[in-house]
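First the structure, in the form of structure tokens, and then the observations on it.
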Amino acid sequence: MRAFQILIDGFAISALYALGATGFTLIFGVSGVLNLSHGAIMVAAAVAAWAAASIFNVGTYAGALIGVAVALIAAFATYFAVVKPIQDSRRIPNEEKEIFVLTGTLLWGIMIQELIAYFFTNNAKTVLPIVEGVVDILGVRTPKNEIFTAIVCCLVIALLWLLVNRTRTGKAVLAASMNPRGVTLLGLELTNIYIVVWAIYGILAGIAGVLLGMFLGVSSYSVGPLTASAFSIVVLGGLGSVSGSLIAAFVVGYLETLTAYLVSPAYRTIPALLLLVFVMYIRPQGLLGRR
Amino acid sequence: MASFFTSRLFFISLALVVIAATLPLYVSGYVLGLLTVAFYFGVFAMAWDLLFGFAGEVNFGPTFLIGVGAYTAGILNAQFGWSVYLCIVLGALASVIAGLVLALPALRVRGPYFGLTTLVAVLMLQNFIVVFADLTGGEIGLTIPDVITINAGANYWIALGFMTISAAILYGLSQSPIGLVLQASGQDPVQAGALGFNIVKHKLAAFIVSAFFSGLSGALLVFYFGTASVGTVVDVAVGVNVIVSAVLGGRRTVLGAALGAIFLIVAGEFLRPTGELATFIVSAVALLVVLFFPGGFLGAALSHEARS
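For the record, the sequence lines run as chains X and V.
Under our numbering, the letters of the first sequence match residues 6 to 296, in that order.
Under our numbering, the letters of the second sequence match residues 99 to 406, in that order.
Printed below as a string of structure tokens:
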């Protein structure tokens, strides 16, 4: 009974982690950008969905769509206002661009976080779920919302896989991640590919954010921990490796759920952090990472 | 190094310190208190810049080192009643040991991996403080019974003196052969290694020096505040302030980092009437500096001097 509960809860949270980390790792894989405003964009999506449905009464579906749209806009703003100017800057030496992108997106994330806190307070917000009620699975009372979250996450990841591996645009993105210079030689504009990737990223982060808002609720305080957990999952899996981050998301998700149920919710994140240090020590490039 | 004592930077710094030293004679205790905190933050930022600016490693864990120093000193004083000065020394020592423990795995990896390892250290420390609440005061924080002094002027002078001495040592180090090797390894580790320099040894040294000053400053800050809490010395947000200070002031300048920290703290206070938007405005200004003056305050000023 309890084992089933851990299995089900762990699956839902892991799927959500996987979705949250996928966009993050995609951008890194393609353009080498670690976007530290990731948590802020996810929270912005959730808060927008919450505000649209709870304050402006547009309904849960429209609310969720507005949330995703806000994440898309935020992702584009991150790229055009912060990342691209740094990448194009001639005053920043090339070997330091990575550090400037980290600092820049970090500050950008704080700005988004503070705006959310200013307009919507620091209180936790729970987005109205699209499906309500509970079902009984193998003797475990499970909220339908939890099942919905898991299914949407898996579907979106599957769609992403199809997009990257089966469409022309996806193949261009894949090629850019392997050899950016080669892609430009083929006559493709690198900036256009980056725009596509940031668009995909915005949608992924938006869906993950809205689902998180329905499943666990968010506040402006979630920004830091969300970025940190996406970062750890992605590094654990191997930077830039989408399948690596999927595995890592499930390892971390289940480890946390197991700890929360079997030990104490207070210790929830500690084993995952220890594992991360351990992996860094024996395999610094992550589970499936290339060096 | 010798040329520094005849440079404009030296005279400007000297003049600033002399002017700063006279402040308690004519400004309010409130301003002194603000600057006292800013000076300790200045040391955090300079210590961070030694590691980041010169070795090119993004250390997301400045507050791990600061927090270990601060909490060690605080716990020894609050739970065991040891004397303030002994606690401060042991706090700095604990931070050096923690720095070594962190550096050993962290220095094997580079770039984002290094950043993550140091970030994890902060998250772990934060978790342990909450879990061992009996010892650490948990989320509420630890109340420290002793203080160095309650005189605002004396506290201010201690902080100013400490920052000045730290700045002199850290700046001296950054201009020494060790600093040059660090800088070379930051720009091209392979080539620097090929020249026969033991990069890991130099980075380890930088880490330990950075840890020592961070821990010492953290311990001193605890005895100024009379409390140690996650929100003031460990939280990732505090680390962000340290990082932003150093980048804002000008990375690789050490002294600029202190200017950046003082600017951040003072600007945050000036903007307090804007309420919750204060952090937003400070972050926006910092982002604009990062985008348009990547050299930071001191970097911009120095390049101007070099041109003219």
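For glycine and all other residues, C-beta sits at the position ideal for the given N, C-alpha and C.
| query | result |
| --- | --- |
| Give a yes or no on whether 7 Å exceeds the smallest Cβ distance from Ser406 of chain V to chain X. | A caution first: Ser406 of chain V carries a pLDDT of 46, below 50, which makes its placement in the model too unreliable to give a value. |
| Is Pro392 of chain V helix, strand or coil when you go by DSSP? | coil |
| Are any of the Cβ atoms in chain X nearer than 7 Å to that of Met144 of chain V? | no |
| The beta strand (DSSP E) spanning Thr147 of chain X covers which residue range? | Val145 to Pro148 |
| Pull up the distance between the alpha-carbon of Gly15 of chain X and that of Pro90 of chain X, whole angstroms please. | 40 Å |
| Counting C-beta neighbours from all protein chains within 10 Å, is the total for Ser126 of chain V 16 or more, i.e. buried, or is it exposed? | exposed |
| In or out: Val7 of chain X buried (at least 16 other Cβ within 10 Å) or exposed? | It is Arg, not Val, that sits at residue 7 of chain X in the sequence shown. Looking at its Cβ environment, which holds fewer than 16 other Cβ atoms inside 10 Å, Arg7 of chain X is exposed. |
| Closer than 7 Å between beta carbons: that is the criterion. Which residues of the stretch 263-286 of chain X meet it against chain V? | Ala271, Tyr272, Thr274, Ile275, Leu278, Leu281, Val282, Met285 and Tyr286 |
| Return helix, strand or coil for Val223 of chain X, following the three-state DSSP convention. | strand |
| Using a Cβ cut-off of 8 Å, which residues of the stretch 247-278 of chain V contact any Cβ in chain X, in chain order? | none |
| What residue range is occupied by the uninterrupted beta strand (DSSP E) comprising Val229 of chain V? | That residue, Val229 of chain V, is in no beta strand (DSSP E); its alpha helix (DSSP H) goes Gly209 to Val229. |
| Just how far apart, CA to CA, sit Glu237 of chain V and Thr216 of chain V? | 22 Å |
| Find the residues of chain X that neighbour Ala382 of chain V, judging by a C-beta separation of less than 7 Å, and give them in chain order. | Met116 |
| At a cut of 8 Å, does the stretch 275-289 of chain X reach the stretch 126-139 of chain V through at least three beta carbon pairs? | no |
| Closer than 6 Å: is that where the CB of Val240 of chain X sits relative to any heavy atom of the ligand MN? | The ligand MN is not among the ligands present in this structure, which contains no ligands whatsoever. |
| By a C-beta neighbour count over all protein chains shown, 10 Å radius and 16 as the cutoff for buried, is Ala399 of chain V buried or exposed? | buried |
| According to DSSP, is Val298 of chain V part of a helix, a strand, or is it coil? | helix |
| Rounded to a whole number of angstroms, what is the C-alpha to C-alpha distance between Ser343 of chain V and Val387 of chain V? | 11 Å |
| Nearest-angstrom Cα distance between Pro185 of chain X and Ala265 of chain X? | 43 Å |
| Just reading off the beta strand (DSSP E) that Val140 of chain X is part of, what are its end residues? | Val139 to Ile142 |
| Compare the beta carbon distance of Val75 of chain X and Ala49 of chain X with 7 Å and say whether it is the shorter of the two. | yes |
| Am I right that Leu200 of chain V and Ala219 of chain V are in contact with their C-beta atoms under 8 Å? What's the rounded C-beta distance? | 5 Å |
| Leu221 of chain V versus chain C: which residues are under 8 Å apart at the beta carbon? | No chain C is present in this structure, whose protein chains are X and V. |
| Any residues in the stretch 324-348 of chain V with a beta carbon nearer than 8 Å to a beta carbon of chain X? Which ones, in chain order? | Val334, Ala335, Val338, Ile341, Val342 and Val345 |
| State buried or exposed for Ile97 of chain X, treating a residue as buried only when at least 16 other CB atoms are found within 10 Å of its CB. | buried |
| So for Thr325 of chain V, helix, strand or coil by DSSP? | strand |
| Can you list, in chain order, the residues of its chain whose CB lies under 7 Å from that of Ala250 of chain V, leaving out five sequence neighbours each side? | Gly127, Leu130 and Gly131 |
| What residues of chain X sit near Glu367 of chain V, judged by a beta carbon separation below 9 Å? | Result: empty, since nearest Cβ-Cβ is about 16 Å, beyond 9 Å. |
| Could you tell me the alpha carbon to alpha carbon distance between Leu268 of chain V and Ala80 of chain X, rounded to whole angstroms? | 39 Å |
| Output yes or no for whether 7 Å exceeds the beta carbon distance between Gly243 of chain X and Leu77 of chain X. | no |
| Any contact of the stretch 165-185 of chain V with the stretch 318-332 of chain V, i.e. 3+ C-beta pairs under 8 Å? | yes |
| Listing by chain order, which chain V residues have their CB less than 8 Å from the CB of Ala122 of chain X? | Glu374 |
| Considering Tyr84 of chain X, what are the terminal residues of the alpha helix (DSSP H) in which it resides? | Counting along the chain, Tyr84 of chain X falls outside any alpha helix (DSSP H), and DSSP gives it neither H nor E. |
| I need the straight-line Cα distance from Ser406 of chain V to Gly114 of chain X, nearest angstrom please. | Here Ser406 of chain V scores only 46 on pLDDT, less than 50, and its place in the model should not be relied on; the value that follows carries that caveat. So the two alpha carbons sit approximately 38 Å from each other. |
| Where does Leu174 of chain V land, buried or exposed, given buried means 16+ other C-beta within 10 angstroms? | buried |
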